[in-house]
Amino acid sequence: MVTGRAHGRWVLHLDMDAFFASVEQLTRPTLRGRPVLVGGLGGRGVVAGASYEARVFGARSAMPMHQARRLVGVGAVVLPPRGQLYGLLSKTVFDLLRTRIPIVEQLSMDEAFFEPVDLVGAEPETIRSYCENLRQLVRAETGLVASLGAGPGKQVAKIASGLAKPDGVTVIDEQEQHAVLDVLPVRKLWGIGPVAEEKLKKVGIDTIGAFARTPESEVASVLGATVGPGLHRIARGIDDRPVAERAEAKQVSAETTYAEDIVTLGALLTAIESAASAALDRLGRDGRSARTVVLKLRKSDMSVITRSITLPYSTTDRQVLVGAARRQAIDPVELGPVRLVGVGFAGLSSSTQGSLFPELDIDPPDATAAAPQEAPASARAPRERWYPGLDVSHPQFGHGWVQGAGHGVVTVRFETRTSGPGPARTFDAADGELRPAEPEDSLE
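Heads up: the sequence shown runs through residues 1 to 444, numbered per full-length UniProt numbering.
Right, here's the structure in full:
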């Protein structure tokens, strides 16, 4: 889709199509064309990503997993996330784009803004061709599909990429933006969430055009004097926000909501260690060290407790950082049942300094033994060594992934990105030649 005439500024927005599910389908060819759901598998699990085949049934990101599975039916393929692999492919995509465009404002693993200086004043057909070339580059180098939108500002470009999905390009010229955007639901505006949408609907505003025609004073009274006028300007087509590289994150964190409330100290310590390990993995990919360790606990009554420890130095030492997180635990017997556990690292630095007395920053050897170790099922590691979605390897059959396990056997589909759909083989669960493997090996 291309509309309108040439103008000065062009902002591009690239969005990887169904990124998490697409990565699963790319590296596990048997899943191509099938409804794939990626996310938490417990009772409180949510969908992190859904393939377009799953979206046909109404499944979508952020939906409770049990609801998505019910919508898709027995054909649903449900897999745990492989964050390490998604991060690697995200870096590959955006490093590739940086070879063509100097400034990339990356918003997340799967989307970014660009404003190439050589496109200033270009015709819409030139912009479309440029965007198609970027899509072809991403597909050729990674096997993944991206959609692109282009417009006179960030808001129009982002909406355009949404209109381009799946697997397309939409270019909206400055002269035509109102004709395209005014009829869209007001929720399409970047910054209008469900709460703001409901407030606007109560005063009769349900489209972007209606929002733009509303006096700014009324918008401010509904959405607030800080947020309202800014969104109103954007709805009117005034969007001069620059495209710039985003500052490094000030904190990395990981958190999990458990299907069963955590009610013992041993279970809580296990959950804290799990969250800290996940956050450490992200810290490692970021190439930085941390000085402050933050513990977040949400109780079953939805109240939140936050605690932090700041070390006298910045470090990446796993024992030190995990130990600092664990020392902040509060016994659920005193605190009350806990449903969410999160660990974050702040005070980030590109340099690392060792502790003069590291033994003082690590849990004493008997700290774990002194606490009861039972945990709810959702907090424990799987009882089985093998579970669906796990990457594995076998000296004879190569790389594969677990399709199913139980009753002493494990079924593995042996395939990678380049193999095409592979054969499934069943092994004794105690087979010593079958071993867990790194997710990135599925890219071979």
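Glycine included, each C-beta is placed from N, C-alpha and C at the ideal position. These numbers come from a predicted model, not from an experiment.
- Separation of the CB atoms of R241 and K154 is rounded to 5 Å, and the pair is thereby assigned contact status at 8 Å.
- Between R435 and H394, the gap from beta carbon to beta carbon is short of 9 Å.
- Between the segment 137-152 and the segment 269-285 there are fewer than three C-beta pairs closer than 8 Å, too few to call the two in contact.
- Going by beta carbons, L85 and E415 fall outside the 9 Å limit.
- Runs of beta strand (DSSP E) with 3 or more residues, each lying fully within the segment 131-170, are found at 146-151, listed in chain order.
- Under a 10 Å Cβ-count criterion, K201 is classified as exposed, with fewer than 16 other Cβ atoms of the shown protein chains found around its own Cβ.
- Taking one beta carbon from each stretch, the segment 30-37 and the segment 87-102 have fewer than 3 pairs nearer than 8 Å; the two do not touch.
- When the alpha-carbon of A157 is set against those of A259, L14, S314, V322, the nearest one is in L14.
- Using a 10 angstroms sphere on the CB of R213, the tally of other CB atoms stays under 16, which defines it as exposed.
- According to DSSP, residue pairing for W401 in a beta bridge involves D391, R413.
- Looking at I159, G237, A62, L297, the one whose alpha-carbon comes closest to that of S308 is L297.
- Here the C-alpha atom of A244 lies approximately 18 Å from the C-alpha atom of W190.
- Out of P229, I305, V47, the CA that lies nearest to the CA of Q328 is found in I305.
- Residue burial is scored here from C-beta neighbours: P124 has at least 16 other C-beta atoms within 10 angstroms and is therefore classed as buried.
- Around the CB of M16, 16 or more other CB atoms lie within 10 Å, so the residue is classed as buried.
- H13 has F113, G149 as its beta-bridge partners, per DSSP.
- Within the same chain, I101 come within 7 Å of P116 by CB-CB distance, once the 5 residues on both sides are set aside.
- Here S61 has V47, A48, G49, A50 as same chain residues with Cβ atoms under 7 Å from its own Cβ, once five neighbours each way along the sequence are excluded.
- Judged by beta-carbon spacing, R291 lies beyond the 9 Å limit of Y258, meaning their Cβ atoms are not closer than that value.
- The segment 214-287 contains, as complete beta strand (DSSP E) runs of 3+ residues, the segments 251-262 (chain order).
- Taking 9 Å as the cut-off, the beta carbon of L269 is found no closer than this to the beta carbon of R339.
- Only residues of its own chain outside the window of five on either side were considered, and among them G408, V409 have a CB closer than 7 Å to the CB of D428, listed in chain order.
- DSSP places P332 in the uninterrupted alpha helix (DSSP H) bounded by 332-335.
- Annotation for P337: D261, V263, S300 place their beta carbon closer than 6 Å to its own, counting only its chain and skipping 5 residues before and after.
- Per the DSSP secondary-structure output, F427 pairs in a beta bridge with V410.
- Between the alpha carbons of V294 and V343 lies a distance of about 6 Å.
- Your pair L26 and L144 checks out as a contact, with CB atoms roughly 6 Å apart and the cut at 8 Å.
- Under the three-state reduction of DSSP output, V338 falls in the strand class.
- As computed with DSSP, S349 is found in a beta bridge with S289.
- The beta carbons of G389 and W401 sit closer together than 9 Å.
- In the three-state scheme derived from DSSP, where H, G and I count as helix and E and B as strand, T99 is classed as coil.
- If you draw a straight line from the Cα of G230 to the Cα of E197, it comes to about 16 Å.
- In this structure the segment 179-187 touches the segment 204-222; the number of beta carbon pairs closer than 8 Å is three or more.
- Bounds of any alpha helix (DSSP H) do not take in L107; it lies within the beta strand (DSSP E) bounded by 104-108.
- Less than 9 Å divides the Cβ of A276 from the Cβ of V322.
- With at least 16 other beta carbons inside 10 angstroms of its own, A112 counts as buried.
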